[in-house]
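One structure is given here, and the rest of the page talks about it.
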Amino acid sequence: MAPAPSRSANRSELRALWRKEWQSELRSRNGLLAATLFGFLAVVALTMPASTERLTPAVASAQLAVVVLFSVMIAVPRLFLTEDEQGTLDTLRLWADPGAIFLAKALMGMVLCIGQALLMGGAFFILTNATVTQPLIALAGLVAYGAALAATVGMASALVPGAQNRWLIALVISLPLCLPVVVFGTGVMAAALGSQKETSGWLTVGVLLVTAVATLVLGAVSTRAIWRLR
Amino acid sequence: MALTPLVQATGLGKELGGRWLFRGVTFELGAGDVLLLIGPNGSGKSTLLKVVSGLVAPTLGSVTRPDLNRVGFTALDQSLYSALTPTEHLELAAQLRGVEPEADMWLRRMQLLPQARQATGTLSTGQRARLKLALALQARPDLLLMDEPSAALDDAGRALWQEALQEHRQAGATIIATNDKEDHRFGTCAITLGEPK
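Taken in sequence, the protein lines are chains A and B. Count the first sequence with the working numbering and you get residues 1 to 230, in order. Count the second sequence with the working numbering and you get residues 1001 to 1197, in order.
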């Protein structure tokens, strides 16, 4: 095996990669538009029953958690796999530490997903006429849930570059990893809608944030190990 | 070959899909050495370059080479970011490798100044090849890896890369995968890869 690249991520490397992700995203907008369109349509479709009958907090929180999950599944794998398919990931690997590449992409995914979670959450609460008894928990919960999902799906997507059927494999790895995150996301939304205690809501926000940070670290470490072995 | 090797490959072999692309490839190169990789299509020249660069792991053998920051790589099938401009490419690569971008100098040298702020996706194949060459040379690498470097270039472009190669070989080692007989005159040594077995 070739000796592993002897680089380590540093701040200027991360900044440069982050800027590249922003420039690419802002100029193409493909993933952002696709995920936003999906999220908007899903939220509108899910809120239709609410025009005739009021959704219980438990059902509403689960619906919102699932819509955000699928929106993240559209937005995040693209950050890794499209670049792998286009061949630019190899170019990037020649220039940068794999861990830094993962972190820049995962952080970009987090920003996109948090923005989408907030937009979708806001639209969902308005369209369903839901009574948000804990608005701060709703806000923090959407941020933490979006971040944890983005990190988890990002890590799964970073494991599969170079594989055949990489999109399918990323999905297959992501879904079981996301299951506990979705459970916590549902819980935090339920707390925001008043069907769970406030302390339980904040605790769940904390768990989601810890999950996001831990997954970022794990993703950076595993990406370093795996991308060297190709 | 070289007294102080910059790159050493020992017994390199690569198996893909149950067949050996190459086996037992051994060489060492120092400053001034230009190794030509010659062989028919599919014989593994590009893969061997990727193994030396570290992008692909060998099935057998080992490579010792300079840190990746000191390796320049350019290939016909290497992809660039279509939404970024040539200047942004040079700035990105420089920041990641910790060198000065010198974007204007490289673009002038590669005769790409008029395209400096143009999306790379709108450049011609030859212009992209010149940009890749600039990116490969930007960090003043100790080892330069080139896959079919002259394939997409016109006469002016060929003159540019030949000039760049002459300059680089004064201080660094070079490996060129090529089937262009015109390129063979630059080689100081060669490895001929055969049909996959």
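C-beta atoms are modelled at their ideal positions from N, C-alpha and C, and glycine is treated no differently.
For this session: Give the residues from the segment 76-95 of chain A that approach chain B closer than 7 Å (Cβ to any Cβ), ordered along the chain.
Result: 86, 87, 88, 90, 91, 93, 94 and 95
Give me the subset of the segment 20-37 of chain A whose CB atoms are less than 8 Å from a CB atom of chain B, sorted by chain position. 20, 23, 24, 27 and 28
(request) Could you work out which residues of chain B lie near residue 117 of chain A, taking near to mean beta carbons separated by less than 7 Å? (result) Under the 7 Å cutoff, chain B gives no residues; its nearest Cβ is about 26 Å from residue 117 of chain A.
- Verify the CB distance criterion: does residue 1022 of chain B have a CB-CB separation below 8 Å to chain A? no
Note to self: So within the segment 1077-1157 of chain B, which uninterrupted alpha helix (DSSP H) runs reach at least 4 residues, ignoring any that extend past its ends?
What the structure shows: 1086-1097, 1103-1109 and 1125-1137
| message | Within 10 Å of its beta-carbon, does residue 1104 of chain B have 16 or more other beta-carbons around it, so buried, or fewer, so exposed? | response | exposed
*Excluding sequence positions up to five away, which residues of its chain have a Cβ less than 6 Å from the Cβ of residue 160 of chain A?*
166, 169 and 170
Task: Option nearest residue 1132 of chain B by Cα separation, candidates B:1086, B:1142 and B:1163 - done: A check of alpha carbon separations from residue 1132 of chain B across B:1086, B:1142 and B:1163 identifies B:1086 as the nearest.
Count the other CB atoms within 10 Å of the CB of residue 102 of chain A; is the residue buried (16 or more) or exposed (fewer)? buried
Can you tell which of A:136, A:122 and A:137 has its C-alpha closest to the C-alpha of residue 130 of chain A? A:122
message = If distances are taken between C-alpha atoms only, which option among A:189, A:25, A:46 and A:192 comes closest to residue 78 of chain A?
response = A:25
- Task: Tell me, please, whether the segment 1112-1127 of chain B touches the segment 1047-1055 of chain B by the rule of three or more beta-carbon pairs shorter than 8 Å.
- Result: no
- Query: What's the C-alpha gap between residue 208 of chain A and residue 126 of chain A?
  - Reply: Distance between the alpha carbons of residue 208 of chain A and residue 126 of chain A: 24 Å.
Any chance the segment 137-148 of chain A sits against the segment 179-187 of chain A, with 3 or more Cβ pairs inside 8 Å? yes
Check whether chain B comes within 8 Å of residue 53 of chain A, counting only Cβ atoms and requiring the distance to be less than that. no
Only counting the same chain, and skipping five residues up and downstream in sequence, which positions put a Cβ closer than 6 Å to that of residue 1055 of chain B?
none
### Query
Shorter than 8 Å from the beta carbon of residue 163 of chain A to some beta carbon of chain B?
no
### Query
Is DSSP giving residue 210 of chain A helix, strand or coil here?
helix
Practice problem: In the DSSP assignment, find the unbroken alpha helix (DSSP H) run with residue 186 of chain A in it and report its ends. | Solution: Note, residue 186 of chain A: alpha helix (DSSP H), 166-192.
Any idea if residue 1189 of chain B is buried or exposed, counting beta-carbon neighbours within 10 angstroms, 16 or more meaning buried? exposed
Requested in this report: Find the residues of chain A that neighbour residue 1093 of chain B, judging by a C-beta separation of less than 7 Å, and give them in chain order.
Outcome: 95
Taking only three categories from DSSP, how would you classify residue 115 of chain A? helix
**Prompt:** In chain order, what residues of the same chain lie with their CB nearer than 7 Å to the CB of residue 190 of chain A, ignoring the 5 residues before and after it?
**Reply:** 57, 58, 61 and 196
If we cut at 8 Å on Cβ distances, does residue 2 of chain A have a partner in chain B? Only weak support is given to the placement of residue 2 of chain A: the predicted model assigns it a pLDDT of 39, under 50, and the value that follows is read from those uncertain coordinates. Yes, its Cβ sits closer than 8 Å to a Cβ of chain B.
- Extent of the continuous alpha helix (DSSP H) to which residue 197 of chain A belongs: It is not in any alpha helix (DSSP H) - residue 197 of chain A carries neither H nor E in the DSSP assignment.
Query raised in the report: For the segment 1125-1150 of chain B, which residues have a CB atom closer than 7 Å to at least one CB atom of chain A, in sequence order?
Result: none
Reduced DSSP category for residue 53 of chain A - H, G, I as helix; E, B as strand; rest coil
Residue 53 of chain A falls in the coil class under three-state DSSP.
Would you tell me roughly how many angstroms separate the C-alpha atoms of residue 46 of chain A and residue 63 of chain A, rounded to the nearest one? The straight-line gap from Cα to Cα measures roughly 7 Å.
CA-CA distance, residue 13 of chain A and residue 225 of chain A? 19 Å
(Q) On a Cα-Cα basis, can you pick out the residue from B:1126, B:1095, B:1136 and B:1155 that is closest to residue 1106 of chain B? (A) B:1136
### Query
Three or more C-beta pairs closer than 8 Å, one from the segment 85-100 of chain A and one from the segment 1073-1085 of chain B: is that the case here?
Using a C-beta cut-off of 8 Å, the segment 85-100 of chain A makes contact with the segment 1073-1085 of chain B, since at least three inter-stretch Cβ pairs fall below that distance.
ask   = Mind checking if residue 13 of chain A is an interface residue toward chain B, Cβ cutoff 8 Å exclusive?
value = yes
Listed from N- to C-terminal order along the chain, which residues in the segment 1035-1053 of chain B have their beta-carbon within a distance smaller than 9 Å of any beta-carbon of chain A? Within the segment 1035-1053 of chain B, 1050, 1051, 1052 and 1053 place their CB atoms closer than 9 Å to a CB of chain A, listed in sequence order.
Residues sharing a beta bridge with residue 1062 of chain B, DSSP: B:1010
Quick one: any contact between the segment 1166-1180 of chain B and the segment 1092-1102 of chain B, if contact means 3 or more CB pairs under 8 Å?
-> no
message: For residue 1006 of chain B, tell me which candidate among B:1040, B:1023, B:1192 and B:1145 has the shortest Cα-Cα distance.
response: B:1145
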